[in-house]
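Numbering (full-length UniProt numbering), first residue to last: 227 to 457.
Shown next, in structure tokens, is the structure this report addresses.
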Ligand code: ADP
Ligand code: MG
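Structure below.
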């Protein structure tokens, strides 16, 4: 599936809008934060210091969200270093383990090649793996309880590339979704952003790689990410 120039323009434009909105929102947030700090002793006297704490926490959360959004939509040149892909995958999977345990799902990592080293921007590629895992978890959740959730991550060598498969037995995709999943803002989820795969696609392409998808509605989905290996 190829991403068109139109989609890239949309993503670039989004990056610009995100940057300017973030700037405009951050300034008032910073001054609100400052004034709450000043009010803190007064709130303390009233026995309402808890309110100050909540306001500060929420302001920080808003800032984090802006930062995340900015980070995921802004195109940046990859800062490359040699990375052992199975280790990076292990690191990402760890982040999902407690959630999987809680939901009774299983995550498996198989790495067939200890020499799978790619020259990548770790932060960016980690973001791609995180997006894939997050989508897999959500697909399992949406499928419901008729089957035990399972995510298989397989890393192996395919010629000059590392092939990383993220396979889930979640709800799968219908035809329309398959044709649009890389479009910025395309989402089938009530709370989705529709940015995860658009951003992932761009990151992987900036690394000289590609993404392939196979999916059957009601059965599951198989994402394959190809990244050039260090020879
Ligand atoms: P979001 O997760 O915010 O909806 P994404 O760009 O990550 O945005 O995904 C776009 C859409 O692709 C999702 O809304 C979903 O319909 C579909 N999709 C992505 N990954 C999977 C998956 N593993 N299983 C089923 N559908 C998926
Ligand atoms: Mg997503």
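Note that the Cβ used here is the ideal one computed from N, Cα and C, for glycine as well.
Taking 7 Å as the line, does the beta carbon of residue i fall inside it for any heavy atom of the ligand MG?
i           : result
residue 360 : yes
residue 396 : no
residue 357 : yes
residue 446 : no
residue 385 : no
residue 418 : yes
Can you tell me whether residue i is helix, strand or coil according to DSSP?
i           : result
residue 227 : Interpretation of residue 227 is limited by its pLDDT of 47, a score under 50 that renders its predicted location unreliable; the figure taken from the coordinates is listed afterwards. In this structure, residue 227 counts as coil in the three-state DSSP scheme.
residue 340 : coil
residue 389 : strand
residue 236 : helix
residue 419 : coil
residue 309 : strand
residue 381 : strand
residue 272 : coil
residue 442 : strand
residue 431 : helix
residue 455 : strand
residue 450 : strand
residue 243 : helix
residue 437 : strand
residue 286 : helix
residue 493 : This structure gives no information on residue 493, because the portion of the chain shown stretches from 227 to 457.
residue 371 : coil
residue 399 : coil
Quickly, what does DSSP pair residue i with across the bridge? List them, please.
i           : result
residue 376 : 332
residue 346 : 307
residue 394 : 377, 447
For the ligand ADP, is there any heavy atom lying closer than 7 Å to the beta carbon of residue i?
i           : result
residue 412 : yes
residue 424 : yes
residue 331 : no
residue 415 : yes
residue 440 : no
residue 407 : yes
residue 237 : no
residue 326 : no
residue 421 : yes
residue 365 : yes
residue 391 : no
residue 403 : yes
residue 371 : no
residue 399 : yes
TODO: Check whether the region 447-457 touches the region 387-397, counting contact only when three or more Cβ pairs, one atom from each stretch, lie closer than 8 Å.
DONE: yes
Open item on the list: Three or more C-beta pairs under 8 Å: does that hold for the region 337-346 against the region 358-369?
Closed with: no
TODO: Specify whether the region 275-287 and the region 321-328 touch according to this definition: at least 3 beta carbon pairs, one from each stretch, less than 8 Å apart.
DONE: no
Open item on the list: Under 8 Å, with one C-beta from each stretch per pair, do the region 374-386 and the region 407-415 reach the 3-pair mark?
Closed with: no
TODO: Indicate whether the contact test is met: 3 or more Cβ pairs, each with one atom in the region 303-323 and one in the region 411-426, closer than 8 Å.
DONE: no
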